[in-house]
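Shown next, in structure tokens, is the structure this report addresses.
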Amino acid sequence: MPDNTPALVPPDSARDLITRYKARLKSGGESLRAAYEARPLTEPILKGRSQLVDGVLVEIWKRFSLPASAALVAVGGYGREELFPGSDVDLLFLLESPPNDELGERLTQMISLIWDVGLEIGHSVRTVDECIEEAGRDVTVMTNLLEARLIGGNERLFQRFTTSLRSHLNPGQFFKAKCLEQEQRYTRHADTPYSLEPNCKESPGGLRDLQLIGWISRAAGFGTHWRDLARHALITAEEATELRELERFLQHARIRLHHLTGRREDRLLFDHQEKLARKFGFEASENRRASEVFMQEYYRTAKKVTQLNTILLLNFGVELFPNRYPAAININERFQCVRELLDVRDEGVFDRHPSALLECFLILQQRSELKGMTARTLRALWRGRKLINADFRHDPANRALFLRLLQQKRGVVHEMRRMNQYGILSFYLPAWRRIVGQMQHDLFHVYTVDQHILQVLRNVRRLMVAEHAHEYPLMTRLATSFEKPWLIHIAALFHDIAKGRGGDHSKLGMKDARDFCTSHGLDETDTSLVEWLVGQHLSMSNVAQKQDLSDLDVIRRFGDLVKTERRLTALYILTHADIRGTSPKVWNGWKGKLLEDLFFATQRLLRGATPQQALGIPLRQDDARNLLRYYGLRPGTEDSLWAQLDTVYFMRHEAEEIAWHTRMLYYRIESDEPVVKARPSHNGEGLQVMVYMKDQPDLFVRLCGFFARLGFSIADAKIHTTRHGFALDSFVLLDPGQEIHYRDLINLLEHDLTERLQSNTPIDQPATGRLSREVRHFPITPEVNIRPDERGQYYIMSVTAADRPGLLFGVAQTLVNYRINLHTAKIATLGERVEDTFLISGSDLTQDAKVLKIESELLEKLAI
2 MPDNTPALVP PDSARDLITR YKARLKSGGE SLRAAYEARP LTEPILKGRS
52 QLVDGVLVEI WKRFSLPASA ALVAVGGYGR EELFPGSDVD LLFLLESPPN
102 DELGERLTQM ISLIWDVGLE IGHSVRTVDE CIEEAGRDVT VMTNLLEARL
152 IGGNERLFQR FTTSLRSHLN PGQFFKAKCL EQEQRYTRHA DTPYSLEPNC
202 KESPGGLRDL QLIGWISRAA GFGTHWRDLA RHALITAEEA TELRELERFL
252 QHARIRLHHL TGRREDRLLF DHQEKLARKF GFEASENRRA SEVFMQEYYR
302 TAKKVTQLNT ILLLNFGVEL FPNRYPAAIN INERFQCVRE LLDVRDEGVF
352 DRHPSALLEC FLILQQRSEL KGMTARTLRA LWRGRKLINA DFRHDPANRA
402 LFLRLLQQKR GVVHEMRRMN QYGILSFYLP AWRRIVGQMQ HDLFHVYTVD
452 QHILQVLRNV RRLMVAEHAH EYPLMTRLAT SFEKPWLIHI AALFHDIAKG
502 RGGDHSKLGM KDARDFCTSH GLDETDTSLV EWLVGQHLSM SNVAQKQDLS
552 DLDVIRRFGD LVKTERRLTA LYILTHADIR GTSPKVWNGW KGKLLEDLFF
602 ATQRLLRGAT PQQALGIPLR QDDARNLLRY YGLRPGTEDS LWAQLDTVYF
652 MRHEAEEIAW HTRMLYYRIE SDEPVVKARP SHNGEGLQVM VYMKDQPDLF
702 VRLCGFFARL GFSIADAKIH TTRHGFALDS FVLLDPGQEI HYRDLINLLE
752 HDLTERLQSN TPIDQPATGR LSREVRHFPI TPEVNIRPDE RGQYYIMSVT
802 AADRPGLLFG VAQTLVNYRI NLHTAKIATL GERVEDTFLI SGSDLTQDAK
852 VLKIESELLE KLAI
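All the letters of the sequence shown, read from the start, carry residue numbers 2 to 865 under the numbering used here.
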């Protein structure tokens, strides 16, 4: 503020005002909360907070003596008098003309005071013309202004504003824009309400879906209440009542979340689910937590909201664009095409022809011109789902229809999702009903069981579509050449269907899969494949991530398990899709590479290769030589280094890695100084780091400490000692926050690590990081197991624990203390859970008492 402009509110007076208004808002908020907790009703607290804020703002407005031509307007949720405990207060300062310097200064001081009293506001200062211009450019602004409510100031200006806004509003364009906006919002939330930590406002099936209906209804002139929509025959009276109940449930969830956290928090995080469940009155049962009962109720609510949202948007489209489409076109005696949507010829179709409950989905798959179903078809479908009984399921015609749904070239995932959404899948597959909305209490799945399965099915299908071949070219080639890909669809559908029953879900699911296949007419060969895939769907990932793929015995045992190349290919496709369907965090290129290595090694073995050929050693060496020639190294340059490397080295490293190591080391095989080289990994995920120097007992722990101090996690470690006593260690490092530009760090890492290895400074101690909130709510009991391998030459140490910074460093330090030699480390991180496997040797490992002591010490370090 310029020095010559007097303060509109003297400092002492401003402090008094701030103190008074703060106290008023605080006591008013506490009273509203107490009343709500005594008698939980949504309208009194939401409207009451709006009125509380109104009172304070009107007084501030009057105190600043703004021009009589100006108006203070509530917009957005505040405008419709739905102000949640932690919500922002959206304000419009409406002016007759743009503000001059003096008015601008008044407004600035007023806005500053509003913030000071504790109101978080979103505000704009505009004239009527500016409002109309902004609303025309941005549908979000138009939406906010639609719910405008005058708080104080010039009523005539406000009326001119609302009249002008209405005259410039095109309901059809607004409808289209809001539909696109919803699609984008759904995409941000993975197109599902069923994530394990949904956003009760923004996720599909949340409050925003209901608010969108209200905005379109208001814009189109259909009214502002659910009963208004029923009067316009857009929904039934029963649906209007149901919508109000659904809205209340979601409002209660959001109100209680804001109260629990003391801020605007709309995510149903694990931290809050148990407390919210108690607030709603849900109690734990013998085999389910209270939070599970609550979340299942939330998912039922979200499911119904998305159903009614879909129905209303369809009906809005009919009303807003009545002459856009030609007359109905008959498809058959049961269905017709209306406005590019599948429509029942009459609402009694499903009662007369129950098999049409499946036929309608098949028609959508086969006729690409159909974009979905009409509202009355969806209603009839939902009502008719109970016609799917034991007789329906045993009808050979219905079984053939269901099987055809899984065999189509398009629409498999879309229609399975739609069948799940409208209850058809639950009634056709009784086992499915038990997993709908079922939580998964682990640290890597982010969806309910039913949604995870549909996500896996989606991943399998995506591998079979040419447009997505660039994502995983090898997988697409294998999937598209598989002679009956629909068998993998069935396996995907059943792979987790037995979760939550107790016992091994893979084994329990095998029976469900076999029963389905035999009852649906599959021959024994195909039935056995599906049953085997369901039973073994975790095997390939376990071997790839936890065992030494350079060990021929590992490959041989896996080959004995799969037996045929057909099984191997199908399991590879299912495993790839399954891992990627758990969570975006779980999949990375290194997991993909491990699966690929296991696939090719096993494939070569099944095709009759010798052990060395199966592991690809001659092929790798030839490929590495070709790469060295490409880089200009003469034939024989590699011989002196390779003479120091044993077969194990060539089994554990790819041709490209071997060539890289050779280029960096062939001229300094006897180097007195450490050689440290880093580069971005070939798949763009993380850094590859090579360390070459005279071996020393604590080298691995030094490296772990250095990398942990820089904030890296170690995704892979290959520890090798040459014949002449040099360590040749390779690491794959990842930045957990994915914020690092790896190329920028290469020179720094090479320089600092070389300097560190040359000095005798103490080992770096990694920073102690906080545990993630997921681990706090789903703690993992650490496990350590040390056992000899089958030949008794080495020992295999398995470690399972909750991930945290410095975990690998602690393990490595313990091994050094007991003079244990580390030969390789297999690092597997599944969400917040680590399952690491180490190949080790040492004299202490032959003594049971020492092994027990090592295990105990490791458990102590891993305990939280």
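All residues carry an ideal CB built from backbone N, CA and C; glycine is no exception.
I'd like the span of the alpha helix (DSSP H) that includes residue 391, first residue to last.
391–395 is the extent of the alpha helix (DSSP H) around residue 391.
In this structure, how does DSSP classify residue 23 when only helix, strand and coil are distinguished?
Three-state result, residue 23: helix.
What does the alpha-carbon distance come out to for the pair residue 144 and residue 174?
Roughly 12 Å separates the two Cα atoms.
On the three-pair Cβ rule with 8 Å, is the segment 409–424 touching the segment 365–380?
In short, these stretches touch, since the Cβ pair count reaches three.
Run the CB neighbour count on residue 77, radius 10 Å, all protein chains shown included, and call it buried at 16 or more, exposed below.
By the 10 Å Cβ count, residue 77 comes out buried.
Check residue 344 in the structure and name its three-state DSSP category.
Residue state, collapsed to three classes: strand.
Figure out for me which residue from 205, 626, 666 has the closest Cα to the Cα of residue 645.
Closest option to residue 645, Cα to Cα, is 666.
Give me, in chain order, the residues of the same chain whose beta-carbon lies closer than 8 Å to that of residue 877; leave out the 5 immediate sequence neighbours on both sides.
Because the chain here runs from 2 to 865, residue 877 falls outside it and cannot be looked at.
Excluding sequence positions up to five away, which residues of its chain have a Cβ less than 8 Å from the Cβ of residue 574?
For residue 574, where only same-chain residues beyond five positions count, the Cβ hits under 8 Å are 461, 464, 476, 479, 480, 483, 489.
Should residue 169 and residue 215 be called a contact, given that it needs their Cβ atoms to be closer than 8 Å?
No, the Cβ-Cβ distance between residue 169 and residue 215 is not below 8 Å.
With DSSP as the reference, identify every bridge partner of residue 800, one or two as the case may be.
Looking at the DSSP assignment, residue 800 forms a beta bridge with 785, 837.
Excluding sequence positions up to five away, which residues of its chain have a Cβ less than 7 Å from the Cβ of residue 707?
Excluding sequence neighbours, residue 707 sits near 754, 757, 765.
Give the DSSP bridge partners of residue 196, in chain order.
For residue 196, which the question treats as bridged, DSSP gives the partners 448.
DSSP state of residue 681, grouped into three classes?
DSSP places residue 681 in strand when its eight states are reduced to three.
From what residue to what residue does the alpha helix (DSSP H) around residue 217 run?
Unbroken alpha helix (DSSP H) run through residue 217: 208–221.
Rounding to the nearest angstrom, what Cα-Cα distance links residue 448 and residue 195 in this structure?
Residue 448 and residue 195: Cα-Cα distance of roughly 6 Å.
Would you mind listing the beta strand (DSSP E) stretches within the segment 122–202 that are 3+ residues and don't spill past its ends, in chain order?
List check, beta strand (DSSP E) in window: 122–128, 150–154.
Assuming residue 825 is part of the beta strand (DSSP E), what are its boundary residues?
Element bounds for residue 825: 822–827.
Return helix, strand or coil for residue 420, following the three-state DSSP convention.
Of the three classes helix, strand and coil, the one that applies to residue 420 here is helix, per DSSP.
Grouping DSSP H, G and I as helix and E and B as strand, with all else coil, what is residue 623?
Of the three classes helix, strand and coil, the one that applies to residue 623 here is helix, per DSSP.
With DSSP collapsed to three states, give me the class of residue 330.
Correct three-state label for residue 330: strand.
Considering only heavy atoms of the ligand ADP, does any lie closer than 7 Å to the CB of residue 274?
In terms of ligand content, the structure shown is empty, and the ligand ADP therefore cannot be addressed.
Can you find the residues in the same chain that come closer than 6 Å, C-beta to C-beta, to residue 868, ignoring five residues on each side of it along the sequence?
Residue coverage of the chain in this structure runs from 2 to 865, which leaves residue 868 outside it and unanswerable.
Mapping the DSSP letters down to three states, classify residue 362 as helix, strand or coil.
Three-state result, residue 362: helix.
Comparing alpha-carbon positions, which option in 176, 177, 51, 147 lies nearest residue 164?
Cα-wise, what sits closest to residue 164 is 147.
If we ignore side chains and look at the alpha-carbon of each, how far apart do residue 498 and residue 637 end up?
If I take the Cα positions, the gap works out to 57 Å.
Assign residue 882 to one of two classes, buried (16 or more other C-beta atoms within 10 Å of its C-beta) or exposed (fewer than that).
Given that the chain is displayed from residue 2 to residue 865, the structure contains no residue 882 and the question cannot be resolved.
By the 10 Å Cβ neighbour count, where 16 or more other Cβ atoms means buried, how is residue 52 classified, buried or exposed?
Flag for residue 52 reads exposed.
Who are the near neighbours of residue 653 in its chain, counting only those whose CB is closer than 6 Å to its CB and skipping five residues on each side?
551, 719.
Can you check which of these residues, 120, 275, 166, is closest to residue 24 by C-alpha distance?
It is 120.
Can you tell me whether residue 5 is buried or exposed? The criterion is at least 16 other CB atoms within 10 Å of its CB, across all chains shown.
The pLDDT assigned to residue 5 is 41, lower than 50, so where the model puts this residue is not dependable, and the model offers no usable value.
For the alpha helix (DSSP H) containing residue 866, name the first residue and the last one.
The shown model of the chain, from 2 to 865, leaves out residue 866, and the question about it has no answer.
Terminal residues of the continuous beta strand (DSSP E) containing residue 337?
That run of the beta strand (DSSP E) goes 336–339.
In this structure, does DSSP put residue 499 in helix, strand or coil?
Residue 499: coil per DSSP, three-state reduction.
Quick check: the Cα distance between residue 421 and residue 427, rounded to an integer number of angstroms?
Roughly 7 Å between the two C-alpha positions.
Rounded to whole angstroms, what's the CA-CA distance from residue 662 to residue 727? Just pull it up for me.
Going by the C-alpha atoms only, they are around 13 Å apart.
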